[in-house]
């Protein structure tokens, strides 16, 4: 499979009216039918080859229409389903005879480059349309509204200057093509203008209509056409702020320009600052520049609504109230008459409270205490300033009232913050540890007291030592504990007493102790009586008394 071979044996046959017939023989089709043939031409070497026409694959000739005064060369290539083959060898060159031009230049126009001239210009004709040697242009012009004859000039360029013209007057203009064979067709007449000058006069009857505190409507009388002295481009409004009626010493010099294209007699000026003084002027402009300015018009804008307060903060929280502070608007746009405060309950549930309002009639106020609020509840506050023109933009803030005097903080109370909960848990845990420590210490002290009483009952001879030891307890607790233990051991070893607490009481009944470990009740039974008989009456006293 391959693309078709190149066609062969190209021949040209001359016909009438600058027509020729091109014939050729197909090349090898490589077993694939030729879909169509492509015919290309070359007229000027820099332009190269370009497509002239396309014919069916079963056709091997074509009739071509040519232009005068052009040298042609042709070639043919074939195309099948695989692709396009190589083009044939070019045909012999063929030059057509000359003829008069058949076209005139396009985009003919006349305009001044200075206030006293007019430049007539057009697009040059392409060489393929010359139709013969000796191409030239005949330029004709005359002033409109007069019966004067045409002024003519033959040139070989594609522009012509008409000098010493009056400022911005209309002319009839036409451009015709010529060659050595003859002139082309009659050209169309177009209108051109001599040079422009800046407008001669300023708009009259300029007036201002106040629409609102930031918008005005400016009107003026249109400038007569002959006074514009050029192509009317439009009108300009130039305005600038003199001062704010609230800041008498401050003056502004920045100027603003609004452009209104075309024929106009009014324009809207937006974006002004309320309660301020302004000046403005109006002027017409053309392609040459701006005309004279109208006399300045002075006007004042009325009061407007203020901007939102500079800030809104919650300065203090209480159980059932909050203290709000705020800053006045940076741009009050008039004299403030007061503030309007609104607030409502907005807890983190679906509960939304009713909207409450407080009118603040003091324009200098920057603080208020809002009372009768729910404890430990979240509220949202809305504040805006007022002038005679009405309320300004809102500013909002949120906060939570406290419970039992704890500080809640802005945008939700501290009682809902993680660090506060952790702190409270730590305090509770520390308190619990201290209580447990105190309880353990108290229990240890009670056990030593009971032990000493038991030792005293077991060995009466150790009693003086025990009493002496107790006398020193208040001075040195650690010394008492050590000596008590030593006395107990020494007292029990020499006596050899077999008595124990289990031997007291009737019938082997057990003794009872109270919560702090001290013994309850009197010792009783035969053991006690026998001990009294053996050791004498001096040791028969109650252990509690001892």
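In the working numbering, the protein residues as written are 58 to 603. Just so it is clear, CB atoms sit at the ideal spot from N, CA and C, and this is done for glycine as well. Computed from a predicted structure; not experimentally measured.
Under the criterion of beta carbons closer than 8 Å, residue 273 and residue 356 qualify as touching, at roughly 7 Å. For residue 273, the enclosing beta strand (DSSP E) stretches over residues 272 to 278.
Taking 9 Å as the cut-off, the beta carbon of residue 177 is found closer than this to the beta carbon of residue 218. Per DSSP, residue 288 has no beta bridge partner at all. Residue state for residue 103 is assigned as helix, using DSSP reduced to three classes.
With contacts defined as CB atoms closer than 9 Å, residue 418 and residue 394 qualify as a contacting pair. Look at residue 86 here: in three-state DSSP terms it is coil, with no helix or strand label. The beta carbons of residue 183 and residue 233 sit about 16 Å from each other, so the pair does not count as a contact at 8 Å. Separation of residue 127 and residue 156 (C-alpha to C-alpha, rounded to the nearest whole angstrom) is 11 Å. DSSP links residue 78 through a beta bridge to 70, 120. DSSP places residue 315 in the strand class (E or B) of the three-state scheme.
For residue 337, the enclosing beta strand (DSSP E) starts and ends at 333 to 343.
A contact between stretches requires three or more CB pairs, one per stretch, nearer than 8 Å, and the segment 316 to 323 fails this requirement with the segment 374 to 391. Taken through DSSP and simplified to helix, strand or coil, residue 484 comes out as helix. DSSP lists 396 as the beta-bridge partner residues of residue 442.
In the structure shown, residue 138 falls within a coil segment according to DSSP collapsed to helix, strand and coil. Annotation for residue 420: 393, 394, 395 place their beta carbon closer than 7 Å to its own, counting only its chain and skipping 5 residues before and after. Taking all protein chains in view, the Cβ of residue 264 is surrounded by fewer than 16 other Cβ atoms within 10 Å, so the residue is classified as exposed.
For the 9 Å CB-CB criterion, residue 133 and residue 79 form a contact. Annotation for residue 373: the continuous beta strand (DSSP E) segment containing it runs 368 to 374. In this structure, residue 329 keeps its C-beta atom at 9 Å or more from the C-beta atom of residue 353.
Taking the C-beta atoms as reference points, residue 403 is found nearer than 9 Å to residue 455. Note that the segment 423 to 434 does not touch the segment 338 to 347; fewer than 3 beta-carbon pairs, one per stretch, sit closer than 8 Å. Less than 9 Å divides the Cβ of residue 142 from the Cβ of residue 62. Residue 358 is classed as buried because its beta carbon has at least 16 other beta carbons within 10 Å across all chains shown. Assignment of residue 91 by DSSP, reduced to helix, strand and coil, places it in the coil class. Note on geometry: alpha-carbon atoms of residue 223 and residue 260 lie some 24 Å from one another. A Cβ-Cβ distance of about 10 Å is found for the pair residue 389 and residue 366, leaving them out of contact under the 8 Å criterion. For the 9 Å CB-CB criterion, residue 129 and residue 77 form a contact. Ranked by Cα distance from residue 387, the first of 397, 373, 368 is 368. Selection 82, 204, 333 evaluated against residue 117 yields 82 as nearest (Cα-Cα).
Taken atom to atom, the span from the alpha-carbon of residue 309 to that of residue 302 is near 12 Å.
When C-alpha distances from residue 400 are compared across 391, 422, 436, the shortest belongs to 436. Shown here, residue 246 sits in coil according to DSSP, grouped into three states, outside any helix or strand. The beta carbons of residue 361 and residue 335 sit about 14 Å from each other, so the pair does not count as a contact at 8 Å. Residue pairing of residue 426 in beta bridges, as defined by DSSP: 380.
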